[in-house]
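One structure is given below, encoded as structure tokens.
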Amino acid sequence: MNPTDLRVIKTKRALSESLFTLLESTMFSSITVNMICEEALVHRTTFYKHFYDKYDLLSYLLQNITKDYFEKDLRDRIHQPFQSIATFIDFPFTKI
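Count along the sequence shown starting at 1, add 4, and that's the number in our numbering.
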């Protein structure tokens, strides 16, 4: 599986966004792989080709959120400190 393949990128993005959406209304412990797959319109087999389990997906999601924050230009973070961290703060940590 090539990590730069557009299909891989789109699938991982869909699964990540689905988990993020589910976390807005459901505790992580109550979320199942089936729920994530239904939300993302992805088959379970495809999920397991990309992630070991829902914890692996959560780790991937958190890594991407923090990576996006730290990759932003320092100038942007200085001039817009509250906007640049908004994505990280908006993450529903209380659901984990």
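The C-beta atom is built at its ideal place from N, Cα and C for all residues, glycine as well.
Under the three-state reduction of DSSP, which class applies to residue i: helix, strand or coil?
i                : result
isoleucine 40    : helix
phenylalanine 51 : helix
tyrosine 64      : helix
tyrosine 59      : helix
threonine 8      : coil
isoleucine 35    : coil
Do you know offhand how far residue i's Cα is from residue j's?
i                : j            : result
lysine 58        : tyrosine 64  : 10 Å
threonine 70     : arginine 17  : 15 Å
glutamate 42     : glutamate 75 : 31 Å
phenylalanine 55 : valine 12    : 11 Å
threonine 36     : proline 7    : 25 Å
asparagine 68    : histidine 47 : 23 Å
lysine 53        : methionine 5 : 9 Å
Considering residue i, what are the terminal residues of the alpha helix (DSSP H) in which it resides?
i            : result
valine 46    : Looking at the DSSP string, valine 46 is not in any alpha helix (DSSP H), and its letter there is neither H nor E.
glutamate 28 : That residue, glutamate 28, is in no alpha helix (DSSP H); it is neither H nor E in DSSP.
Assuming residue i contacts residue j (C-beta within less than 8 Å), just tell me the rounded distance between them.
i            : j            : result
leucine 61   : serine 20    : 7 Å
threonine 50 : threonine 15 : 6 Å
Please return the same chain residues whose Cβ sits closer than 7 Å to the Cβ of residue i, not counting the five positions on each side in sequence.
i             : result
methionine 39 : Leu26
Ignore the nearest five residues each way along the sequence and tell me which others in residue i's own chain have a CB closer than 8 Å to its CB.
i          : result
leucine 45 : Ala18
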